[in-house]
Amino acid sequence: MKDDSSQSLEKYRSFLRLVAEAQLPPLLRGRVEPSDVVQQTLLEAHADREQARGQEDPVRMAWLRRILVNNLANAVRDLQRAKRDVRREKPFEDLVQRSSANLEGWLAAEQSSPSQAVEKADRVLLLSGAFEALPHDQQRALVLRYWHDWSLADIADDLGRTPSAVAGLLHRGLRKLRSMLRDLE
């Protein structure tokens with residue numbers, strides 16, 4: 284049986300998976316599984332759970348995102364160790380911050396008060412949970428299009444579908460997300 288701290292961390296699994304999916308370079312897909320990185324992140328967070336005890340969702344989400352960034356960076360670094368070229372490196376944290384900004388941008392404009400930050404964090408958790416409920420191909424198409432800026436043709440090649448089928452996946456995925464979010468709110 285899980286203790287209360289494990290259960291409280293578990294509610295962030297969908298959020299972390301969405302950030303991991305968005306940040307993992309698509310070409311590393313078969314070699315690094317986002318779910319494995321999320322699991323490692325939750326294990327490390329559980330070990331250091333005292334550090335986040337009593338924190339509001341936005342602070343806890345930032346803490347978990349920091350652990351996830353480190354785990355993703357380590358996974359990518361391990362895969363590319365032999366091919367490392369310092370001139371081509373991009374700060375991985377910057378990529379994750381941009382991804383989180385994209386996710387939050389889906390929801391609302393910048394907010395400043397603590398209560399608004401908590402409300403935004405709640406909506407991000409709702410969105411990531413709804414995203415997790417989408418079929419895999421819709422998730423993949425949305426991540427490739429809106430986080431990685433891939434063209435419909437490139438997504439179609441990746442998924443083994445036609446560009447019009449990908450357009451349908453994107454349309455249905457966004458429509459389903461909006462519907463699920465309305466139902467959840």
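So the sequence shown is numbered by our numbering: it starts at 284 and just counts up by one. C-beta: ideal position from N, C-alpha, C; glycine also.
Are residue i and residue j closer than 7 angstroms when you measure CB to CB?
{"i": "V321", "j": "R300", "result": "yes"}
{"i": "L464", "j": "A404", "result": "no"}
{"i": "V449", "j": "I438", "result": "yes"}
{"i": "S411", "j": "F298", "result": "yes"}
{"i": "Q323", "j": "N354", "result": "yes"}
Closest to residue i by CA distance: which of the options is it?
{"i": "L310", "options": "L452, V359, N354", "result": "V359"}
{"i": "V352", "options": "A330, Q306, L457, E333", "result": "Q306"}
{"i": "A345", "options": "L442, V401, S447, D437", "result": "V401"}
{"i": "R336", "options": "S291, T324, L355, I350", "result": "S291"}
{"i": "V407", "options": "D331, N354, T445, L467", "result": "L467"}
{"i": "Y429", "options": "E327, A328, V302, G443", "result": "V302"}
{"i": "S447", "options": "D441, A436, E415", "result": "A436"}
{"i": "P308", "options": "D441, L409, R458, K294", "result": "D441"}
{"i": "R332", "options": "D319, L362, D361, E293", "result": "E293"}
Here's the rule: buried if 16 or more other CB atoms are within 10 angstroms of the residue's CB, otherwise exposed. What is residue i?
{"i": "N357", "result": "exposed"}
{"i": "V369", "result": "Here V369 scores only 44 on pLDDT, less than 50, and its place in the model should not be relied on; the value that follows carries that caveat. V369 comes out exposed."}
{"i": "R461", "result": "exposed"}
{"i": "E304", "result": "buried"}
{"i": "S434", "result": "exposed"}
{"i": "R348", "result": "buried"}
{"i": "A416", "result": "exposed"}
{"i": "L325", "result": "buried"}
{"i": "A273", "result": "One cannot answer for residue 273 here, as it falls past the ends of the chain, which runs 284 to 468."}
{"i": "A392", "result": "Any reading at A392 must be qualified, since the residue scores a pLDDT of 45, below 50, and its modelled position is unreliable; the value itself is stated next. With fewer than 16 Cβ atoms within 10 Å of its Cβ, A392 is classed as exposed."}
{"i": "E372", "result": "Low confidence applies here, because E372 scores a pLDDT of 48, under 50, leaving its location unreliable and the question unanswered by this model."}
{"i": "R458", "result": "exposed"}
Answer yes or no: does any C-beta atom of chain C fall closer than 7 angstroms to that of residue i?
{"i": "L457", "result": "No chain C is present in this structure, which holds just one protein chain."}
Segment contact, 8 angstroms Cβ cut-off, at least three pairs: the stretch 307-316 with the stretch 328-343: no
Which ranges does the alpha helix (DSSP H) cover as unbroken runs of at least 4 residues, wholly within the stretch 332-368, from first to last along the chain? 340-363
The stretch 411-428 in contact with the stretch 449-458 per 3-pair CB rule at 8 angstroms: yes
Report the start-end ranges of each alpha helix (DSSP H) in the stretch 399-441 that is 4 residues or longer and not cut off at the edges. 419-429
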